[in-house]
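Colleague:
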Amino acid sequence: MDNNFQLPNKQTCLDQLTKLGIDYIIHHHDPVPTMEEVVKIKVADGTAYVKNLLYVDKKSNYYLILANHTTQVGKLFWKTLGLASGNMRLSKEEQIAEALKSSKGNVNPFAVANDINNLVKNIIIDEELIKYQRLALHPIENTSTIEISLDDLQNKFLKILNRQFTVLQLTDAAAEQKLEQQKEQQKEQQKDLQKDQQNLQTLAITVKKSDFSEWYQQVIRKAELIEYYDVSGCYILRPWAYFIWEQIQRFFDDLIRTEDVENTYFPMFLSAKHLNKEKEHVEGFKAEVAWVTKYGESDLNEPLAIRPTSETIMYPAFAKWVQSHRDLPLKVNQWTNIVRWEFKFPTPFIRTREFLWQEGHTAHSTREEAVKQVYTILDFYEQVYGELLAVPVIKGIKTESEKFAGGDFTTTVETIIPQNGRGLQGATSHHLGQNFSKMFEINFEDDKKQKAFAWQTSWGLTTRSIGAMIMFHGDDKGLVLPPRIAKYQIVIIPIIHKDLDETQLNEKCEQIRQILIKQKLRVHLDSRDNYSPGWKFNKWEQKGVPIRLEIGPGEFKNNEVRVVQRFDNKKYQIKIEELNQLNQILDNIHNNMLEKAKIELNQRIKQADNWKEFMSQLNQRNTILTKWCERQECEKQVKTKSGIESKEKDSEIDGQVQLTGSAKTLCMPLKQDQVKEGELCFNCGQQAKKYVLWGRSY
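Counting in numbering that gives the first Met the number 0, the final residue of the sequence shown is number 697, and the numbers go up one at a time with none missing.
1) Bridge partners for Leu63 per DSSP, in chain order?
2) Cα-Cα, which of Glu341, Val49 and Leu299 is closest to Ser148?
3) Cutting at 7 Å between CB atoms, please list the residues of its own chain near Ile652, excluding the five before and the five after it.
4) How many Å lie between Pro493 and Val562 at the Cα?
5) Going by Cα to Cα distance, which pick from Gln606, Met468, Thr664 and Gly73 is closest to Lys595?
6) Taking Cβ positions, are Gln541 and Glu559 nearer each other than 9 Å?
7) Mind checking which residues open and close the alpha helix (DSSP H) that includes Ile129?
8) According to DSSP, what are the bridge partners of Ile415?
9) Can you tell which of Glu381, Thr351 and Leu387 has the C-alpha that lies nearest to the C-alpha of Arg249?
10) How is Glu509 classed by DSSP in three states: helix, strand or coil?
11) Ends of the alpha helix (DSSP H) at Gly533?
12) Determine the direct distance from the alpha carbon of Asp445 to that of His324, and round the result to whole angstroms.
13) Under 8 Å Cβ to Cβ from Asn579, same chain only, skipping five residues before and after it: list those, please.
14) Pick helix, strand or coil for Gly81, following the three-state DSSP scheme.
15) Tell me, to the nearest whole angstrom, how far the beta carbon of Gln180 is from that of Lys497; I am working on the premise that it is less than 8 Å.
16) Tell me whether the region 419-435 and the region 288-304 touch, counting them as touching only if at least three CB pairs, one residue from each stretch, are closer than 8 Å.
17) Applying the criterion that 16 or more other CB atoms from any shown protein chain within 10 Å of the CB defines a buried residue, is Thr456 buried or exposed?
18) Hey, how far is the Cα of Ala701 from the Cα of Gly677?
19) Tell me which residues share the same chain as Leu329 and place their Cβ nearer than 7 Å to its Cβ, disregarding the 5 neighbours each side in the sequence.
20) Hey, would you say Thr622 sits closer than 9 Å to Ile415, going by beta carbons?
21) Using C-beta distances below 6 Å, list every residue in its chain close to Val230, excluding the 5 sequence neighbours before and after it, in chain order.
22) Can you give me the start and stop residues for the beta strand (DSSP E) that Met267 sits inside?
23) Does Leu13 pass the burial test, meaning 16 or more other C-beta atoms within 10 Å, or should it be called exposed?
24) Scan the region 537-620 and note each continuous alpha helix (DSSP H) run of 4 residues or more that stays entirely inside, going in chain order.
25) Where do the ends of the alpha helix (DSSP H) carrying Ile243 lie?
26) So is Gln513 buried or exposed if we call it buried at 16+ other beta carbons inside 10 Å?
27) If you run the structure through DSSP and keep just helix, strand and coil, what is His698?
28) The beta strand (DSSP E) with Ser457 in it runs from where to where?
29) DSSP beta-bridge partners for Lys272?
30) In the DSSP assignment, find the alpha helix (DSSP H) that holds Phe379 and state where it starts and stops.
31) So what does Asp298 bridge to, in DSSP terms?
32) Going by the DSSP bridge assignment, what does Val260 pair with across the sheet?
33) Count Cβ pairs between the region 262-269 and the region 384-403 that sit closer than 8 Å; are there 3 or more?
34) Between His523 and the rest of its own chain, which residues show a CB-CB distance below 6 Å, the 5 nearest in sequence each way excluded?
35) Look up Met87 in the DSSP assignment and say whether it is helix, strand or coil.
36) Which same chain residues end up closer than 7 Å to Ile145 when comparing Cβ atoms and leaving out the 5 residues on each side of it in sequence?
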């Protein structure tokens with residue numbers, strides 16, 4: 000529907016009303032330029048005669064008033080709109096012509112269509128007119144009068160013109176009462192504000208995100224993600240956090256089912272014999288393995304390890320299940336907990352002694368099938384981070400020194416935390432080759448009746464993913480959740496007011512909640528009466544709920560809601576009949592969050608061609624892409640030398656605390672330019688073979 004039409008005469012006006020689906024009754028008559036003559040026109044019972052007044056202020060802003068013909072239009076109502084009555088004057092003939100392309104005796108709301116310069120700032124509708132079924136108005140020219148409903152005028156005509164209108168009482172007595180109510184309301188709001196300020200002293204995040212470590216600790220506690228526990232390095236995942244993990248589980252399960260992967264569960268204990276069977280593998284975890292040595296007061300006959308990973312738990316069973324090539328591929332996954340007794344400083348979600356993860360394990364008859372599986376799973380991990388958590392990742396391959404212990408090669412999704420430039424390993428997918436199958440005798444008879452060893456993969460994603468999401472998207476107010484993993488995507492907050500019946504308001508909010516539930520949205524109605532709206536706003540902002548819907552007196556009267564987006568604090572009104580827009584709005588929020596995060600990640604990646612450039616970028620909290628020779632000796636030298644030089648730097652530059660510590664390889668990105676003959680390693684000067692991403696990491 001064209002919303003840029005103009006109405007130069009009566010007929011174009013009537014034609015446009017018909018196009019808009021507006022029913023009307025028309026009366027033709029001689030010109031009636033005054034109200035005294037208008038009321039002589041015979042109209043139906045229940046129809047109000049409307050007087051139309053065009054006011055203009057000193058800044059040439061116009062205001063059109065539609066009042067019941069019996070209403071004594073006062074001056075005090077201007078104050079309720081935040082305007083001064085002393086600045087208002089009835090428009091003169093030339094001003095009416097300028098604003099509405101009309102004349103005295105012909106002022107009417109349809110002429111607003113001719114206001115192409117948007118001079119009319121508000122259309123003020125007398126509250127008395129709500130009592131009537133229809134309004135008597137001139138269709139541009141005062142030689143006719145039409146009867147139409149107020150609802151059609153507001154929601155069909157003015158809406159398509161995107162015109163603001165306000166319904167209020169226009170008499171001085173009513174306005175005076177309104178102003179008194181506003182004063183009382185302001186007093187109550189002041190009391191609520193004082194109470195909220197006291198509550199917010201304990202509720203609010205007390206540091207900026209720039210104080211990153213303290214900010215992170217406050218966010219995970221005050222957003223009710225984590226509760227501390229009396230065993231160091233172990234934490235309680237509260238429901239707000241565990242729901243996120245459940246969404247990750249559902250999403251990833253749906254992906255791996257397309258690969259015919261089945262969920263299973265294996266015990267958490269393993270014997271020393273099985274753990275030590277693959278020596279290179281156990282060396283990678285030896286320092287972190289926790290052991291059970293007693294039950295009650297008695298010693299176990301044999302100490303039992305608590306799984307640091309499950310290869311050596313699962314593969315004896317694999318050896319029993321795989322006998323023929325017809326038993327392959329074998330694909331299983333388990334959702335479980337892992338214990339690795341970290342000695343470094345624990346950080347909730349990021350580095351903990353016990354954590355939740357999924358670990359998938361597959362066995363195949365050929366190397367090609369296994370390698371294909373590795374990269375398919377890597378793509379799935381990229382989808383988890385991008386499509387669910389709105390966190391961008393870099394797909395790559397680990398260097399030999401950083402690959403999974405005992406594996407052939409390791410692929411990874413890496414991300415970079417913009418606030419401090421640290422790399423974060425998001426998930427890994429390993430090609431194990433035949434190393435474990437030979438150790439655990441996972442062999443089969445192939446289609447040529449020959450004995451062969453299976454080719455294997457393993458892959459895992461942990462609750463560390465939640466930590467990455469918090470670090471990327473959180474702000475000074477607290478958590479910011481991507482819509483697809485939020486327990487509540489929308490919170491509805493009723494704003495109680497003296498002029499509004501509380502029961503009716505809560506009923507309206509519940510109706511809205513039910514509408515949104517039918518749209519398969521996750522919605523919470525916060526109707527608690529022991530907290531003020533301001534306190535609730537802050538609380539749900541801190542918990543990161545993507546959208547807040549506010550319903551106060553204005554929204555209740557106009558059958559709309561106020562939408563506030565957590566991600567960018569954007570605020571706007573939506574009619575209740577248009578709430579089906581919210582699904583698309585939530586998708587847009589996710590996409591905008593991901594796009595912003597991609598920009599921030601890319602700003603932290605710099606290139607360096609020599610050692611001086613490398614250290615300069617490293618000490619500016621960046622990750623660095625360099626040409627590299629792929630030699631482990633060179634990699635070890637970079638790690639050692641960067642650690643020494645970092646310690647020699649000032650701990651604070653330009654008022655910002657600098658990170659110290661060694662740089663390590665994060666990955667060799669899958670997407671990279673070909674290194675040409677004669678291009679040299681940035682560190683040792685030998686022929687470069689690959690581009691590699693370096694950085695300090697968690």
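Using N, Cα and C, we set each Cβ at its ideal position, and we do this for glycine too.
Modeller: According to the structure data:
1) Residue pairing for Leu63: DSSP places it in a beta bridge opposite Leu53 and Ile122.
2) Val49
3) Here the model assigns Ile652 a pLDDT of 45, short of 50, so the residue's position is not dependable, and the following value carries that caveat. Cβ neighbours of Ile652 beyond the five flanking positions: none.
4) 12 Å
5) For the residues Gln606, Met468, Thr664 and Gly73, the minimum Cα distance to Lys595 belongs to Met468.
6) Their beta carbons are not under 9 Å apart, which means Gln541 does not touch Glu559 by this criterion.
7) Taken as a continuous stretch (DSSP letters only), Ile129 belongs to no alpha helix (DSSP H), as it is neither H nor E.
8) Gly422
9) Measuring from the Cα of Arg249, the nearest candidate turns out to be Leu387.
10) In this structure, Glu509 counts as helix in the three-state DSSP scheme.
11) Pro532 to Gln541
12) 5 Å
13) Gln518
14) Secondary structure of Gly81 (DSSP, three-state): coil.
15) 6 Å
16) no
17) buried
18) Nothing in the structure corresponds to residue 701, since the chain is present only between 0 and 697.
19) Phe317, Trp320, Val321, Thr361 and Ala362
20) yes
21) none
22) No beta strand (DSSP E) contains Met267, which DSSP labels as neither H nor E.
23) buried
24) Correct list: 552-557, 581-602 and 610-617.
25) Pro238 to Arg256
26) Exposed.
27) Lying before the first or after the last residue shown, residue 698 is absent from the chain, which here runs from 0 to 697.
28) Trp454 to Thr461
29) In DSSP, Lys272 forms no bridge with anything.
30) Note, Phe379: alpha helix (DSSP H), Arg366 to Gln382.
31) Lys293
32) Bridge partners of Val260: none, in fact.
33) no
34) So the list reads Tyr487 and Val490, once near-sequence residues are dropped.
35) coil
36) Result list for Ile145: Tyr23, Ile24, Ile25, Leu136 and Pro138, in chain order.
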